[in-house]
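Single-structure report; data block below.
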Amino acid sequence: MKKKALIVWGGWLGHEPEQVAHIFKNVLEECDFKVEISDTLDAFLDTEKLKSLHLIVPEWTSGTITREQVTSVMEAVASGVGLAGCHGGMCDSFRESVEWQFMTGGQWVSHPGGDGVE
2 MKKKALIVWG GWLGHEPEQV AHIFKNVLEE CDFKVEISDT LDAFLDTEKL KSLHLIVPEW
62 TSGTITREQV TSVMEAVASG VGLAGCHGGM CDSFRESVEW QFMTGGQWVS HPGGDGVE
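In terms of our numbering, the sequence shown opens at residue 2 and continues consecutively.
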């Protein structure tokens with residue numbers, strides 16, 4: 002049976018979240034994952050579905066997450082579901098959610114010296 006992953010993309014378009022989501026999808030499919038992609042944070046509301054996954058990949062820069070959405074993801078991760086992401090797509094996702102920051106292990110702050118920022 003294939004492992005299952007959910008990629009949720011959106012937020013600030015400057016990081017090209019849809020394109021990055023499809024890059025992640027291709028990589029995961031090469032590793033024999035069945036991948037679902039969603040462009041809404043409401044994909045996080047079905048806790049039991051999330052718990053049935055092997056991996057959750059947020060690709061969402063900035064934005065706001067509801068308590069229900071973050072709690073559902075936290076419960077899935079606590080049950081053993083993997084969480085993976087990169088750069089602003091995971092750790093600059095929801096600046097006002099302390100729970101999200103604790104779960105991801107950090108919060109993206111800035112490019113060093115503003116490097117690469119236009």
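Think of the CB as a built atom: it goes at the ideal place given N, C-alpha and C, for glycine as much as any other residue.
Helix, strand or coil: how does DSSP classify T65 here?
Your numbering for residue 65 matches position 64 in the sequence shown. DSSP places T65 in coil when its eight states are reduced to three.
Determine the direct distance from the alpha carbon of G12 to that of T41, and round the result to whole angstroms.
Locating residue 41 in the sequence shown gives position 40, counting from the first residue. Locating residue 12 in the sequence shown gives position 11, counting from the first residue. T41 and G12: Cα-Cα distance of roughly 10 Å.
Of the residues S63, C32 and Q108, the one placed nearest G15, counting alpha carbons only
One-based indexing of the sequence shown puts residue 15 at position 14. The residue with the shortest Cα to Cα distance from G15 is S63.
Which residues does DSSP pair with A6 in a beta bridge?
For the purposes of this step, residue 6 is taken as residue 5 along the sequence shown, with counting starting at 1. According to DSSP, A6 bridges with V36 and L56.
Excluding the 5 residues preceding and the 5 following I66 in the sequence, name in chain order all residues of the same chain whose CB lies nearer than 8 Å to its CB.
Here residue 66 refers to the residue found at position 65 when the sequence shown is read from its first residue. Excluding positions up to five away in sequence, the list reads L42, F45, S94, F95, S98 and W101.
Measuring only the C-alpha atoms, how far is V82 from R68?
Within the sequence shown, numbered from 1, the residue matching residue 82 stands at position 81. Within the sequence shown, numbered from 1, the residue matching residue 68 stands at position 67. Using only the alpha carbons, I get a separation of about 19 Å.
Would you list the residues sitting across from L84 in a DSSP beta bridge?
Stepping through the sequence shown from its first residue, residue 84 is reached at position 83. DSSP lists I57 as partners of L84.
Taking the DSSP output, what are the residues bridged to G89?
To locate residue 89, count along the sequence shown from 1; it is residue 88. Answer is none; G89 lacks a bridge partner.
Contact under 8 Å by Cβ, E31 with T48:
Your numbering for residue 31 matches position 30 in the sequence shown. Your numbering for residue 48 matches position 47 in the sequence shown. E31 places its beta carbon 8 Å or farther from that of T48.
Using three-state DSSP, classify G114 as helix, strand or coil.
As a working note, residue 114 is residue 113 in the sequence shown. In the structure shown, G114 sits in a helix (DSSP, three-state: H, G or I).
Taking the alpha carbon of L51 as the point to measure from, which residue in V71, D33 and E60 has its own alpha carbon closest?
The count along the sequence shown starts at 1 and reaches residue 51 at position 50. For the options V71, D33 and E60, the alpha carbon positioned closest to that of L51 is the one of V71.
Per-residue burial, M2 [other beta carbons within 10 Å of its own, 16 or more giving buried]
By one-based count along the sequence shown, residue 2 stands at place 1. By the 10 Å Cβ count, M2 comes out exposed.
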